[in-house]
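> Below is the structure I would like to discuss, written out as structure tokens.
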Amino acid sequence: MIDRHNFWSIVSGVFTCLLIGKIILESIMGYRDINYAENILTMFIITAAATAILGMHKYLQNVPILLVMLLQYVGLIGSVMGAIWFLSRFTDVAPSGYRDMFWSVTVPYVVLAGVYYISFFREVKKANELLLEMNREK
Numbered sequence: 016m017i018d019r020h021n022f023w024s025i026v027s028g029v030f031t032c033l034l035i036g037k038i039i040l041e042s043i044m045g046y047r048d049i050n051y052a053e054n055i056l057t058m059f060i061i062t063a064a065a066t067a068i069l070g071m072h073k074y075l076q077n078v079p080i081l082l083v084m085l086l087q088y089v090g091l092i093g094s095v096m097g098a099i100w101f102l103s104r105f106t107d108v109a110p111s112g113y114r115d116m117f118w119s120v121t122v123p124y125v126v127l128a129g130v131y132y133i134s135f136f137r138e139v140k141k142a143n144e145l146l147l148e149m150n151r152e153k
């Protein structure tokens with residue numbers, strides 16, 4: 016579970032993995048990123064926002080989990096697209112900027128949120144089994 020005690024360590028770990036993936040993918044593709052510093056900072060901000068959004072599911076325990084997952088994704092992608100729209104008022108955005116950002120956020124988010132929720136459900140299942148075992152011993 017993501018909480019205030021492990022938030023920054025999770026953000027750091029995920030950001031590091033994404034950054035290494037970015038470097039490897041760009042090396043394989045032979046791509047030279049001319050906006051390297053801005054893109055890394057953007058990646059860090061989105062990683063922190065996505066981690067915070069995933070961590071909020073514990074406050075929505077009375078809402079069906081599929082709805083929570085959908086709302087989390089819509090909140091993240093809406094925030095990213097809104098930020099691009101806002102920044103486009105001050106700087107140029109590539110014609111494919113919205114599409115590129117959509118895929119750049121969606122693919123890692125779906126994969127990492129999937130890993131997070133699978134591990135979360137495993138922990139819940141393990142805790143439930145432990146509770147059942149404790150109740151049987153009584």
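Position one of the sequence shown corresponds to residue 16 (my numbering), numbered consecutively onward.
Cβ coordinates follow ideal geometry from the N, Cα and C atoms, glycine included.
Being a predicted model, the structure only gives us computed values, none of them experimental.
Quick check on the DSSP output: the alpha helix (DSSP H) that includes Gly45 runs from which residue to which?
Unbroken run through Gly45: none, as it is neither H nor E.
> Consult DSSP for Asn77 and reduce its assignment to one of helix, strand or coil.
In this structure, Asn77 counts as coil in the three-state DSSP scheme.
> Spatial neighbours of Met16 within its chain, please: C-beta separation below 8 Å, excluding the five flanking residues on both sides.
Correct list, in chain order: Gly70, Lys73, Phe135 and Glu138.
> Under 8 Å by Cβ, that's how I've got Tyr113 and Ile92 pegged, so tell me the actual separation to the nearest angstrom.
That pair is no contact at about 10 Å.
> Whole angstroms are fine: how far does the CA of Ile68 sit from the CA of Gln87?
Taking the straight line joining both Cα atoms gives about 6 Å.
> In this structure, does DSSP put Thr106 in helix, strand or coil?
Of the three classes helix, strand and coil, the one that applies to Thr106 here is coil, per DSSP.
> Please classify Val126 as buried or exposed, where buried requires at least 16 other C-beta atoms within 10 Å of its C-beta.
By the neighbour-count rule (16 or more Cβ atoms within 10 Å), Val126 is not buried but exposed.
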